[in-house]
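If you read the sequence shown in full-length UniProt numbering, its first letter stands for residue 1, the second for the next number, and so on. In this text, a Cβ means the ideal position worked out from N, Cα and C, and glycines have one as well. This one's a predicted model, so the numbers in the text were calculated from it and none came from an experiment. The block underneath contains the structure these notes are about, expressed in structure tokens.
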Amino acid sequence: MDTSANGQTFIPSIGKQYEAGVKYVPKDRPIVLTGALYQLTKNNNLTPDPDNAQFSVQSGEIRSRGVELEAKAALNANVNLIASYTYTDAKYTKDNTYQGKPTTEIPKHMASLWADYTFHETAVSGLTLGSGVRYVGSSSSFNSDNSTFKVPDYTLVDATIKYDLARFGLPGSSVGVNINNLFDKTYVSSCYRDYACYWGAERQVVATATFRF
């Protein structure tokens, strides 16, 4: 367990969050719009001890402010759309080394768009095909000399296929396959420091089965 220079054990960090949101559902359209503003402050964060660089003190603070937007729409009986966007401004508000700089591994911008098509009253009734894109903006990290560098943004494509088993007397049951990173894109997801970067997940194929009795 980490301790300070005088051997004192660090206490848990404390987070405080404020959030306000709104939801709008038109009476005459199959649309749901939501939005939220938030602020999250994390206190008791570790920061380098100015008197002993080999140790830390617990006087740091990180503050995140952001906006979350989402829209869901049924274009018709077959097609559904979901779009979302998140903006995050995260900074070290109290720190002996990084004060005022962006926190590591947190992208400023994230967005996604998803669409699916469900077949009705056909030979493949109950079949749903879907696909979407996920965008993750660039994030910040630090070099060994504490200067800042940017981790590149990336965009991934996902897909799904699902079959509803209601026509076989199993309402609410389904089987499917979800594919994340459909094209097996190689990318760096984040960097804690210039010597600690992490590759993003490779293509993942997950089979699902849900049964309700």
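Which two residues bound the contiguous beta strand (DSSP E) that contains residue i?
i      : result
Glu68  : Asn52 to Ala74
Phe10  : Careful: Phe10 lies outside any beta strand (DSSP E) and carries neither H nor E.
Tyr163 : Tyr154 to Asp164
Lys108 : No beta strand (DSSP E) contains Lys108, which DSSP labels as neither H nor E.
Phe183 : Element bounds for Phe183: n/a, residue is neither H nor E.
Val124 : Looking at the DSSP string, Val124 is not in any beta strand (DSSP E), and its letter there is neither H nor E.
Glu19  : Ile14 to Tyr24
Ser140 : Ser139 to Phe142
Around the Cβ of residue i, are there at least 16 other Cβ atoms within 10 angstroms (buried) or fewer (exposed)?
i      : result
Lys91  : buried
Tyr98  : buried
Leu75  : exposed
Asp95  : buried
Ser139 : buried
Ile62  : buried
Asp194 : exposed
Asn181 : buried
Asp145 : exposed
Asp184 : exposed
Val206 : exposed
Val136 : buried
Throw me the rounded Cβ distance for the residue i and residue j pair, which I believe falls under 8 angstroms.
i      : j      : result
Tyr38  : Tyr18  : 7 angstroms
Phe119 : Gly130 : Actually they do not touch by this definition, with Cβ atoms about 12 angstroms apart.
Asp89  : Arg65  : 5 angstroms
Lys101 : Thr148 : 6 angstroms
Ala71  : Ile31  : 7 angstroms
Leu40  : Gly60  : Actually they do not touch by this definition, with Cβ atoms about 15 angstroms apart.
Taking the alpha-carbon positions, what's the residue i to residue j distance?
i      : j      : result
Pro152 : Thr34  : 29 angstroms
Asn52  : Asn143 : 21 angstroms
Arg167 : Thr160 : 20 angstroms
Tyr87  : Asn44  : 25 angstroms
Asp28  : Ala196 : 52 angstroms
Cys191 : Pro107 : 11 angstroms
Gly21  : Val157 : 29 angstroms
Thr93  : Thr9   : 23 angstroms
Val188 : Thr104 : 14 angstroms
Leu113 : Leu81  : 7 angstroms
Arg134 : Gly7   : 45 angstroms
Lys42  : Ala83  : 29 angstroms
Phe211 : Glu202 : 29 angstroms
Who does residue i pair with in a DSSP beta bridge?
i      : result
Ala115 : Leu81 and Ser131
Phe213 : According to DSSP, which records beta bridges pairwise, Phe213 is partnered with nothing at all.
Ser174 : Asp164 and Thr210
Thr45  : The amino acid occupying residue 45 in the given sequence is Asn; Thr does not appear at that position. Looking at the DSSP assignment, Asn45 forms a beta bridge with Gly60.
Arg193 : Ala196
Thr86  : Glu68 and Met110
Val32  : Lys72
Lys150 : Ser140
Tyr38  : Glu19 and Gly66
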